[in-house]
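Numbering of the sequence shown is given in our numbering, commencing with residue 21 and proceeding in unit increments. In this text, a Cβ means the ideal position worked out from N, Cα and C, and glycines have one as well.
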Amino acid sequence: MANDTLSVTDNRTGKKYELKIENGCIRAMDLRGMKVDAEDFGLMAYDPAFMNTANCKSAITFIDGDKGILEYRGYPIDQLAEKSTHLETSYLLMNGELPTKPQLDEFVTKITHHTYVHENIKQFMDGFRYDAHPMSMLASTVAALSSFYPEAKQVKNKEVRRNQMMRLIAKMPTLAAFSYRHSQGLPYIYPNNDLSYTENFLTMVKSIGKPNWRPHPALVRALDVLFILHADHEQNCSTTSVRVVGSSEVDPYSAVAAGITALYGPLHGGANEAVLRMLREIGDKKNVPEFIKKVKDKDGDKKLMGFGHRVYKNYDPRAKVIKKACDEVFEVTGKNPLLDIAVELERIALQDDYFVQRKLYPNVDFYSGLIYEAMGFPMEFFTCLFAIPRTVGWVTQFEEMITDNEQKIARPRQIFTGPKKRDYVPTEKR
Ligand code: ACO
21 MANDTLSVTD NRTGKKYELK IENGCIRAMD LRGMKVDAED FGLMAYDPAF MNTANCKSAI
81 TFIDGDKGIL EYRGYPIDQL AEKSTHLETS YLLMNGELPT KPQLDEFVTK ITHHTYVHEN
141 IKQFMDGFRY DAHPMSMLAS TVAALSSFYP EAKQVKNKEV RRNQMMRLIA KMPTLAAFSY
201 RHSQGLPYIY PNNDLSYTEN FLTMVKSIGK PNWRPHPALV RALDVLFILH ADHEQNCSTT
261 SVRVVGSSEV DPYSAVAAGI TALYGPLHGG ANEAVLRMLR EIGDKKNVPE FIKKVKDKDG
321 DKKLMGFGHR VYKNYDPRAK VIKKACDEVF EVTGKNPLLD IAVELERIAL QDDYFVQRKL
381 YPNVDFYSGL IYEAMGFPME FFTCLFAIPR TVGWVTQFEE MITDNEQKIA RPRQIFTGPK
441 KRDYVPTEKR
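Here it is as structure tokens:
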């Protein structure tokens with residue numbers, strides 16, 4: 021008997037089956053042949069929230085959650101954060117290898133020349149209420165881009181597809197900046213092709229009244245590092261949304277818009293906003309033990325936001341880099357007073373049995389909000405700062421899915437728990 025198989029006895033029938041094990045997985049479809057009788061649909065796997073189901077094979081990002089390892093195309097995240105730029109990392113994610121100098125130059129030039137958006141987009145933005153959340157604006161305008169590029173529907177055509185991928189990476193900072201400016205009642209600033217990706221973004225967001233204003237280089241670098249850390253994270257909620265929506269072969273703008281809306285939720289990209297609200301609520305270092313008590317209270321509904329992760333059961337490697345980046349940013353901006361509360365929360369939580377036993381560690385969102393706030397971004401904008409760099413991850417995963425022969429339109433099964441067939445009763449008889 022081959023070793024890489026799983027022997028199963030179906031005790032309902034006494035029948036024995038041998039399932040192939042490949043890459044540490046059995047194929048869920050192999051269960052289908054296990055039937056009680058010919059009428060039986062066959063066995064299924066029940067896995068709400070995909071806790072233990074691999075939805076794809078992927079060569080992009082590797083995570084070992086127990087060891088706290090994150091690698092893009094084999095390169096450790098801390099090395100990329102220290103040595104790379106967001107656009108170089110984007111090239112790596114999209115193409116599988118680090119670029120040569122001419123390849124990188126060409127890539128940067130292409131991205132830079134796609135940063136402008138159609139003038140109608142500005143009018144589209146103007147249609148939002150003055151207090152619209154920037155993530156709602158971003159999601160809607162990205163979906164709207166699909167109407168500007170009808171050729172984007174040709175998802176199987178590599179050249180056309182790649183064009184849209186570049187456009188999305190290039191235009192996301194412009195759209196995010198426009199949504200910020202709209203929410204602040206400020207005029208939109210056009211992209212400047214002489215600036216780097218991140219410097220251009222910060223300039224479009226922050227520049228007021230001084231055409232030659234430029235952000236502090238240390239802040240540009242810190243934000244670029246944060247962009248690298250957020251570029252991809254394998255099959256998380258938003259990426260899975262992009263893959264699922266994209267599996268219908270819709271254009272990448274529509275699929276990425278779905279990713280943005282998934283990211284908006286407080287359990288995903290919205291967590292850094294929630295962390296700041298939590299730190300404000302705590303208000304002072306001395307209130308930390310009381311807050312931790314409330315979090316541990318089973319009858320309460322408080323969570324320690326920015327802690328815990330579906331995959332990491334160790335310190336999130338991105339949180340380590342961000343904690344270091346805090347110092348560099350605070351040197352320029354002055355210390356965010358909430359940092360002391362965060363550090364105290366982490367210190368107490370990491371030695372508390374509740375968190376230790378559940379392997380709850382700070383995740384990427386625990387410290388990122390503090391940096392964003394110190395840089396002068398309002399809380400509502402934090403998730404946009406996540407969506408910009410994640411765009412390369414979304415489009416790369418979209419492409420991997422669309423070119424994978426094993427993929428089909430995503431369509432899970434269900435266990436039906438509702439009433440079985442019954443006859444309609446007229447209103448007067450109910
Ligand atoms: N605070 C307190 N308790 C927690 C927390 C937390 N932040 N996270 C998990 N737990 C507890 C759960 O109550 C549960 O306890 P129990 O076993 O006694 O019932 C146990 O730890 C396991 O938690 P699950 O909810 O099963 O973990 P899951 O993998 O489903 O959730 C999640 C992961 C959503 C990230 C969760 O940890 C959470 O809500 N964290 C706070 C929000 C957050 O920071 N999200 C950002 C994630 S990173 C990102 O998206 C970029």
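Rounded to whole angstroms, what's the CA-CA distance from residue 256 to residue 46? Just pull it up for me.
21 angstroms
Near residue 249, which residues of its chain fall below 7 angstroms by C-beta distance, leaving aside the five closest residues on each side in sequence?
97, 101, 338, 341, 342 and 384
In the DSSP assignment, the beta strand (DSSP E) including residue 28 goes from what residue to what residue?
25-30
Please report the residue range of the alpha helix (DSSP H) in which residue 61 lies.
Taken as a continuous stretch (DSSP letters only), residue 61 belongs to no alpha helix (DSSP H), as it is neither H nor E.
Closer than 8 angstroms: is that where the CB of residue 72 sits relative to any heavy atom of the ligand ACO?
no
Does the Cβ of residue 180 lie closer than 8 angstroms to at least one heavy atom of the ligand ZN?
For the ligand ZN, the structure offers nothing, since it holds only the ligand ACO.
Return the residue from the list 144, 253 and 63 that minimises the CA-CA distance to residue 85.
253
Do residue 81 and residue 113 come within 9 angstroms of each other at the CB atom, strictly closer than that value?
yes
Near residue 25, which residues of its chain fall below 7 angstroms by C-beta distance, leaving aside the five closest residues on each side in sequence?
38, 39, 40 and 41
With a threshold of 8 angstroms (Cβ to nearest heavy atom), would residue 341 be considered close to the ligand ACO?
no
Could you give the first and the last residue of the continuous beta strand (DSSP E) run that contains residue 37?
35-40
Terminal residues of the alpha helix (DSSP H) in which residue 209 lies
Note, residue 209: premise wrong, no alpha helix (DSSP H); not H, not E.
Within 9 angstroms, strictly: CB atoms of residue 272 and residue 188:
yes
Buried versus exposed call for residue 87 [16 or more other C-beta atoms within 10 Å across all chains shown]
exposed
Assuming residue 224 contacts residue 408 (C-beta within less than 8 angstroms), just tell me the rounded distance between them.
Contact doesn't hold; Cβ gap of about 11 angstroms is too wide.
May I have the straight-line CA-CA distance separating residue 115 from residue 30, to the nearest angstrom?
45 angstroms
Return the first residue and the last residue of the alpha helix (DSSP H) that residue 117 is part of.
Where residue 117 is concerned, there is no enclosing alpha helix (DSSP H), given that its DSSP letter is neither H nor E.
By how many angstroms is the C-alpha of residue 353 removed from the C-alpha of residue 238?
10 angstroms
Quick check on DSSP: helix, strand or coil for residue 10?
Residue coverage of the chain in this structure runs from 21 to 450, which leaves residue 10 outside it and unanswerable.
Mapping the DSSP letters down to three states, classify residue 283 as helix, strand or coil.
helix
Using the DSSP secondary-structure output, state which residues sit across from residue 81 in a beta bridge.
92
Could you tell me which of 330, 367, 344 and 394 sits nearest to residue 357, measuring between CA atoms?
394
Where residue 133 falls, given that 16 or more other Cβ within 10 Å makes a residue buried
exposed
What is the DSSP secondary structure of residue 235, reduced to helix, strand or coil?
coil
Ordered list of alpha helix (DSSP H) runs contained in the stretch 131-206, each at least 4 residues
139-146, 154-168 and 178-204
Does the Cβ-Cβ distance between residue 293 and residue 402 come in under 9 angstroms?
yes
Three-pair Cβ contact test at 8 angstroms for the stretch 405-422 versus the stretch 259-279:
yes
Of the choices 198, 303 and 49, whose alpha-carbon is the least far from that of residue 143?
198
Whole angstroms are fine: how far does the CA of residue 66 sit from the CA of residue 247?
36 angstroms
Based on the DSSP secondary-structure assignment, which residues constitute the bridge partners of residue 382?
327
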